[in-house]
Amino acid sequence: MYEKISSTRREFNSMCPRCGSAKETLIHALKDCARAKAVLVYGGLNNNLIEGNYWRCVDWIEDVARSLDKKALSNFITMLWNIWNSRNNKVFRDTEEEAKVTWDRAGWKKPGHEVVKINFDAAVNGQKMSFGLVAMDHDGFVLGWRAGFLDRNVQAEWVELHALAESNNLARAKNWLRLAGVRI
């Protein structure tokens, strides 16, 4: 993940910011890091899929996808999203959370009938900020999403506020009147 950055910026550290025991690659961040592995184990992922050796993250995700039904696969992808958010919280906010907290946050809770639930998150790193959001109905069907990057030097709270504003903009554009919003 960081080979290109670390080769041009000598002060850049490519070690995993969570465990510090290996170079951070995508497969390490989502599967092999002890912090990620704890979430996967807590979530009940088959041990063979956790312990298997994979060079590329996409190969691992494809193997997992072949072994899960649609609902379990949806939960797995949500779990990966939250593992990545947990990693970003460590990198950008220097906060660490237990596996149970990450797993509990990954569990999607149904909104009421005819209610659209919008989950959003944001991050800031120096002069860059990014956000992402996903909107789902009461069946977990994805109705829309947005993601973006901006070159602004702002506090983390302003980035979260921007993600909330983008959630509202999406809801207005889609004419959704009943909303449930959750910051991830």
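According to my numbering, the residues represented by the sequence shown are 7 to 190, in order. The beta-carbon is built from N, C-alpha and C at its ideal position, and this holds for glycine as well. All values reported here derive from a predicted model rather than from experimental measurement.
Under 8 Å between C-beta atoms of G150 and L176: Yes, Cβ-Cβ distance for G150 and L176 is below 8 Å.
Which residues DSSP lists as bridging N175, in chain order: Paired residues: none, contrary to the question.
Range covered by the alpha helix (DSSP H) that runs through W90: That run of the alpha helix (DSSP H) goes K76 to R99.
Burial state of A171, where buried means 16 or more other Cβ atoms lie within 10 Å: Per the 10 Å Cβ criterion, exposed.
Pick from K29, R178 and L36 that is closest to A105, judged by C-alpha positions: Nearest C-alpha to A105: L36.
Spatial distance of N181 from A28 (CA atoms): Their Cα atoms are separated by approximately 47 Å.
CB contact flag (H168, F147, <8 Å): The Cβ-Cβ distance between H168 and F147 does not fall below 8 Å.
Option in V121, T31, T84 and H144 with minimal Cα separation from L51: Among V121, T31, T84 and H144, the Cα nearest to that of L51 is on T84.
Contacting residues, own chain, Cβ-Cβ under 7 Å from H119 (five flanking each side not counted): Only H144 meet the Cβ criterion.
When I33, M135 and A179 are compared against N159, the one with the closest alpha-carbon: Of the candidates I33, M135 and A179, the one whose C-alpha sits nearest the C-alpha of N159 is M135.
Alpha-carbon spacing of A44 relative to D100, whole angstroms: Within the model, the alpha-carbon separation for A44 versus D100 is close to 19 Å.
A42, enclosing beta strand (DSSP E) - first and last residue: Careful: A42 lies outside any beta strand (DSSP E), inside the alpha helix (DSSP H) at A40 to Y48.
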